Amino acid sequence: MQSRFPELGLQKQDCHEMRWVDSLVYWADFPNGTSIDVLLDRAEGAQVFTKSKSDYVKKPISKQGLETIWNMMISTRTNLLMQWNPYGGTMNRIPETALSFPHRFGNLFNIGYVIIWTNESDTDYNIDVLRRIYKGMTPYVSKSPREAFQNYRDNDIGSGKSDKIVWENATAYGTKYFKNNFWRLTQVKAKVDPSNFFIHEQSIPPAIAHI
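As numbered in UniProt numbering, residues 1 to 211 make up the sequence shown, in order.
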C-alpha cells in the first residue's frame, strides 16, 4: 500500500486482524475491542429501513465516468452509500468453477449500494432513487449477465414467491449471483433437497423442477 498508494498514509496500526465474529461487532459501529457479548443484546433500536443492490466492475472507470458517478450521488440528497470493495490477489488464483462463488479473476472490484431511511412513508421514494442510480451505473459495470453479489440480496433482479420458485425467475437471479455455476447448483439441490423443502424468494431450485 505504501508503494502503490502512498497518498493514503496507511500505517500498520490502522489495520486490525480479527475473528469473523469480532467483525460483526466492528461493522455494527461498536468501538474496536468491544466484547462480542454485545451481540446478545436483542433490545429493539430505532426503526431503520434499507435497500441494497450490487455490481461488479471489470474495466477501470475513466475520470469523466467518476465525475458522472459523483454528480449522480450528490444529486440524490439521500442517505445513499456506494461501497467499492477491491478484488484480486488470492481470489484470482481460484478458478470461478472451483466453488459456488464465481466472481474472481477479471473483477477489479465489487460495488455495494445501500440506501437508508427512517420514515416508512419515504420508502417508495428512496427505493426509486436507488434504482435510478443502479440504472445510471450500467455503462461502468459487468454485462451479460450483469453480475451481482448474493449477500446484498436484491429482489429487483428476479425473485419468486416464498413457497414457489418459477424456473425462469430463478435463472434470472441465479446466473447473476452464480454465473454458470448456477446450473451445477441446481443439480446439487436436486440431490440433497429434491422436494425443495428449503425455499425462499431467491433460493436455488432443484434441476428437476423445470422438467
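Where a beta carbon is used, it is the ideal one built from N, C-alpha and C, also for glycine.
Predicted model, so just to flag it, every value in this text is computed and none were measured.
Host beta strand (DSSP E) of Leu99 (start-end): The residue given as residue 99 occupies position 99 in the sequence shown. Where Leu99 is concerned, there is no enclosing beta strand (DSSP E), given that its DSSP letter is neither H nor E.
Alpha-carbon spacing of Ala209 relative to Trp167, whole angstroms: Here residue 209 refers to the residue found at position 209 when the sequence shown is read from its first residue. Here residue 167 refers to the residue found at position 167 when the sequence shown is read from its first residue. Any answer about Ala209 is weak, because its pLDDT of 47 lies below 50 and its placement is not dependable; what the coordinates show is given next. Going from the Cα of Ala209 to the Cα of Trp167 covers about 7 Å.
Residue from Asp22, Val48 and Arg93 with nearest C-alpha to Asp37: Taking the sequence shown and counting its residues from 1, the one referred to as residue 37 is at position 37. The shortest C-alpha separation from Asp37 is found at Asp22.
Three-state secondary structure assigned by DSSP to His210: For the purposes of this step, residue 210 is taken as residue 210 along the sequence shown, with counting starting at 1. Residue placement at His210 cannot be trusted, given a pLDDT of 47 that sits under 50; what the coordinates show is reported in the next sentence. In the structure shown, His210 sits in a helix (DSSP, three-state: H, G or I).
Other residues of its chain near Thr186: CB distance less than 7 Å, five sequence neighbours each side excluded: The residue you call residue 186 lines up with position 186 of the sequence shown. Counting only Cβ-Cβ distances below 7 Å, and skipping sequence neighbours, we find Ile204, Pro205, Pro206 and Ala207.
Where Gly88 falls, given that 16 or more other Cβ within 10 Å makes a residue buried: In the sequence shown, residue 88 corresponds to position 88, counting from 1. The residue is exposed, with fewer than 16 neighbouring Cβ atoms inside 10 Å.
Bridge partner(s) assigned by DSSP for Lys51: For the purposes of this step, residue 51 is identified with residue 51 of the sequence shown, where counting begins at 1. Ile115, per the DSSP bridge assignment.
Cβ pair count under 8 Å reaching 3, the segment 84 to 98 against the segment 175 to 183: yes
Residues bridged to Pro145 [DSSP beta-bridge criterion]: Translated into the one-based positions of the sequence shown, residue 145 becomes position 145. Note: Pro145 sits in no beta bridge, so no partner.
Endpoints, beta strand (DSSP E) assigned at Gln83: Your numbering for residue 83 matches position 83 in the sequence shown. Its beta strand (DSSP E) spans residues Asn79 to Pro86.
Contacts around Gln47, its chain only, beta-carbon distance under 8 Å, and the 5 residues preceding and following it disregarded: As a first step, residue 47 must be located in the sequence shown, where it is residue number 47. For Gln47, where only same-chain residues beyond five positions count, the Cβ hits under 8 Å are Thr118 and Glu120.
Cβ neighbour criterion (16 or more within 10 Å) applied to Gln11: As a first step, residue 11 is located in the sequence shown; it is residue number 11 there, counting from the start. Counting Cβ neighbours within 10 Å, Gln11 comes out exposed, since fewer than 16 surround it.
Beta-carbon proximity of Leu81 to Val114, cut-off 8 Å: If you number the sequence shown from 1, residue 81 lands on position 81. If you number the sequence shown from 1, residue 114 lands on position 114. Yes, the pair counts as a contact, with Cβ atoms nearer than the cut-off.
Beta-bridge pairing of Val57 - partner residues as DSSP gives them: Working through the sequence shown from its first residue, we reach residue 57 at position 57. Its beta-bridge partners are Phe109.
Cβ distance (whole Å) where Arg153 is taken to contact Gln83 below 8 Å: Translated into positions along the sequence shown, residue 153 becomes position 153. Translated into positions along the sequence shown, residue 83 becomes position 83. Actually they are not in contact, since the Cβ atoms of Arg153 and Gln83 sit about 16 Å apart, beyond 8 Å.
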